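Quick notes on the structure that follows.
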Amino acid sequence: MIGLLRSEWIKLRSIRSTMWTMAGLVVVMISFAYLNSAIASRQAERLQAGEVTQMALGAAPFASLIVASLGVLAISSEYRTGMIRTTLLAVPRRGRMLAAKATTFAAFTLVVNLLSCLAAFLVGQAVLGSRGASLEEPGVLRMVAGCALYLTGAGLFGLALGTLVRHTAGGVVAVIVTLFVLPQLVGMLPNGAGARLMPYVTSVAGMRIMSSAPGVLTPWAGFGVFCLWIAAAALAALVLLRGRDA
Amino acid sequence: MITAANLTKRYGRTFAVNGLSFTVKSSRVTGFLGPNGAGKSTTMRMILGLDRPTAGGAHIDGRPYREYEQPLRKAGALLDAKSVHGGRSARNHLLYLAYSNGLPASRVGEVLEEVGLASVADRRLGGFSLGMFQRLGIAGALLGDPEVLLFDEPVNGLDPEGILWVRTLLRRLAAEGRTVLVSSHLMSEMAQTADHLIVIGKGRLLADAGVSDFIGRGSQGYVRVRCADTALLASHLPEGNTTAHGDHVRITGIGARAVGEAAAAAGIALHELVEVQPTLEAAYMELTQASAEFTTGRS
Ligand SMILES: Nc1ncnc2c1ncn2[C@@H]1O[C@H](COP(=O)(O)OP(=O)(O)OP(=O)(O)O)[C@@H](O)[C@H]1O
Ligand SMILES: [Mg+2]
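Line order of the protein sequences matches chains A and B.
The first sequence begins at 59 in this note's numbering and counts up one residue at a time.
The second sequence begins at 2 in this note's numbering and counts up one residue at a time.
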């Protein structure tokens with residue numbers, strides 16, 4: 059398995075777009091943190107620690123799209139180039155190949171996500187000065203680390219959808235539909251069904267972990283539900299990957 | 002050793018491979034021939050566990066390919082040489098394959114040297130030529146030093162020097178006791194490279210024979226003759242069959258020498274007298290004509 063992880067790591071790092079995308083993620087996170095906090099610093103009223111943290115992490119929805127797209131690309135680029143055949147010749151146990159890819163991808167993006175979330179938080183607090191929050195305040199660390207976890211989860215979700223769809227554009231559309239459109243659609247369900255189901259929908263559940271507001275699900279329960287979504291997508295991807303012709 | 006038993010693949014209503022059974026033995030080069038769309042690539046993909054057979058199955062040394070823990074050490078393959086990511090270097094491409102099968106990184110340098118790509122090892126693959134892709138694909142096949150090798154049209158896109166190199170390589174691999182299955186459309190090349198042939202058409206087995214047997218089994222050689230009055234010549238021949246082919250005649254059952262002497266005795270001037278040897282190409286054409294899926298307008 060170590061060999062497989064090294065193998066997937068070489069694939070991931072030897073593509074320039076991986077590094078550019080992750081660099082883009084850091085820039086997006088930090089610039090949003092700066093701008094959001096700059097706007098907030100001009101307001102008169104005193105802000106809660108949770109609120110300023112959330113502001114600093116304001117780019118999370120966009121960042122999740124970036125990481126999820128990278129997840130899609132991690133597998134769809136193999137299908138586009140036909141490299142998937144070379145890969146499956148080397149590793150015919152497809153479940154293992156996917157597990158190694160997911161592990162490597164998750165480990166790499168988690169590191170970058172943690173760094174960019176922390177950087178965004180620190181930039182935001184630097185802008186706010188004495189009115190900013192610190193990591194020791196209740197819930198703040200959970201929100202910052204949680205943001206990185208959510209982004210990593212979105213990346214894995216993208217990887218699973220990319221494996222299902224086998225196509226870059228199709229995979230990104232699937233990500234947008236499930237993370238962004240689905241909550242809107244559920245919200246429109248009649249007779250209060252929308253309000254009842256909403257807390258369990260993909261990104262709504264997942265982003266509980268980086269929220270300071272009270273909700274139906276606790277932060278960790280929400281993230282747990284998001285993990286179930288990821289697991290379901292991954293399971294479907296695994297079943298299809300094993301059954302399909304490469 | 003590769004064995005296929007009743008190997009079958011259906012796409013929709015058409016059978017790409019239909020009840021194919023054969024054995025590819027070690028220590029010899031086995032040529033895998035058939036017209037476009039005959040099912041050669043599909044057969045190879047099924048042997049290598051990429052595509053699932055509709056029926057039947059294939060084994061490599063008694064086990065399905067998919068069951069090997071580190072398959073590159075057992076079998077190496079070149080299928081579509083361009084199945085690589087253009088943004089990666091040749092070294093990184095091979096390195097990921099090596100690590101996935103627990104092979105040392107030093108193997109990468111060795112195979113790059115062997116296929117003549119050492120000098121471009123760190124260049125992005127996007128700029129490679131078709132011949133360079135083929136060499137990279139062959140490097141990938143050799144990476145695990147496998148006993149079994151499958152090559153799908155390995156000389157496609159190679160220059161004459163490259164073709165000679167592949168021929169020598171395949172011969173050497175077989176001489177080392179390995180099992181080598183290679184598909185190609187270049188009959189003259191196959192005649193020089195292969196010891197044994199498996200010929201398929203429309204997914205079915207047409208022939209499974211040694212190269213010399215196969216050639217001998219097909220059309221015989223003939224004598225090609227041009228002269229002013231072919232009927233007159235025919236009447237003076239001691240034996241043999243004469244058939245007209247455009248501006249010349251083909252004579253079978255008698256050698257060029259006998260034809261020339263008979264013509265001289267009768268005072269007939271010959272404009273051309275050529276002994277045509279039986280070829281793999283001729284034998285192949287004869288066998289596959291009925292099963293070619295795509296034929297050009299002129300025959
Ligand atoms: N994925 C697929 N879906 C549908 N049909 C397919 C697929 N792959 C192959 N075929 C069909 O199966 C048949 C065999 O194709 P295959 O590529 O195996 O032939 P081949 O002998 O390798 O031909 P060539 O000499 O042109 O490479 C063809 O009719 C082809 O159109
Ligand atoms: Mg083919």
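All C-beta atoms, glycine included, are put in the ideal place defined by N, C-alpha and C.
Predicted, not measured: the structure shown is a model, and the values here were computed from it.
Per DSSP, B/Leu207 lies in no alpha helix (DSSP H) segment; the continuous beta strand (DSSP E) that holds it begins and ends at 205 to 211. Between B/Ala257 and B/Leu274, the gap from beta carbon to beta carbon is short of 9 Å.
Taken residue by residue, none of the segment 197 to 225 of chain A has a beta-carbon sitting less than 7 Å from a beta-carbon on chain B. Excluding residues up to 5 positions away in sequence, Leu62, Met155 lie with their Cβ nearer than 7 Å to the Cβ of A/Val149 in the same chain. A distance below 9 Å separates the beta carbons of B/Gly158 and B/Gln135.
With a threshold of 9 Å between beta carbons, B/Lys41 makes no contact with chain A. At a cut-off of 9 Å between C-beta atoms, A/Ser127 does not count as an interface residue with respect to chain B.
Here B/Pro36 is buried, its C-beta having at least 16 other C-beta atoms within 10 Å.
Environment of ligand 2, chain-ordered: B/Lys41, B/Ser42, B/Asp153, B/Glu154, B/Ser184, taking every residue with Cβ within less than 7 Å of a heavy atom. Taken through DSSP and simplified to helix, strand or coil, B/Tyr285 comes out as helix. Taken atom to atom, the span from the alpha-carbon of A/Met80 to that of A/Val170 is near 7 Å. Counting C-beta pairs closer than 8 Å gives three or more between the segment 112 to 126 of chain A and the segment 93 to 101 of chain A, which meets the contact rule. The criterion of a C-beta distance shorter than 9 Å is satisfied by B/Leu49 and A/Leu147.
Not one heavy atom of ligand 1 falls within 8 Å of the beta-carbon of B/Asn93.
Cβ-Cβ distances below 8 Å link B/Thr280 to Met188, Ser189, Ala192, Ile216 in the same chain, with the five nearest sequence neighbours on each side left out; the list follows chain order.
The DSSP assignment places 56 to 61 as complete runs of the beta strand (DSSP E) inside the segment 39 to 63 of chain B, in order along the chain (cut-off: 3 residues). Contact of A/Ile73 with chain B is assigned, a C-beta pair being separated by under 9 Å.
Collapsing the DSSP output to three states places B/Glu154 in coil. In the DSSP assignment, B/Val275 falls outside any alpha helix (DSSP H) and lies within the beta strand (DSSP E) extending over 271 to 277. Straight-line spacing of the CA atoms in A/Thr76 and A/Leu83 works out to 11 Å.
In this structure, B/Val18 has its CB closer than 8 Å to one or more heavy atoms of ligand 1. Contact residues of the segment 91 to 109 of chain B toward chain A are Asn93, Leu96, Tyr97, Leu98, Tyr100, Ser101, Asn102, Gly103 (C-beta to C-beta distance below 7 Å). Uninterrupted beta strand (DSSP E) stretches at least 3 residues long and entirely within the segment 160 to 187 of chain B occur at 180 to 184, given in chain order. Put simply, the segment 272 to 283 of chain A does not touch the segment 115 to 133 of chain A. Fewer than three CB pairs are less than 8 Å apart.
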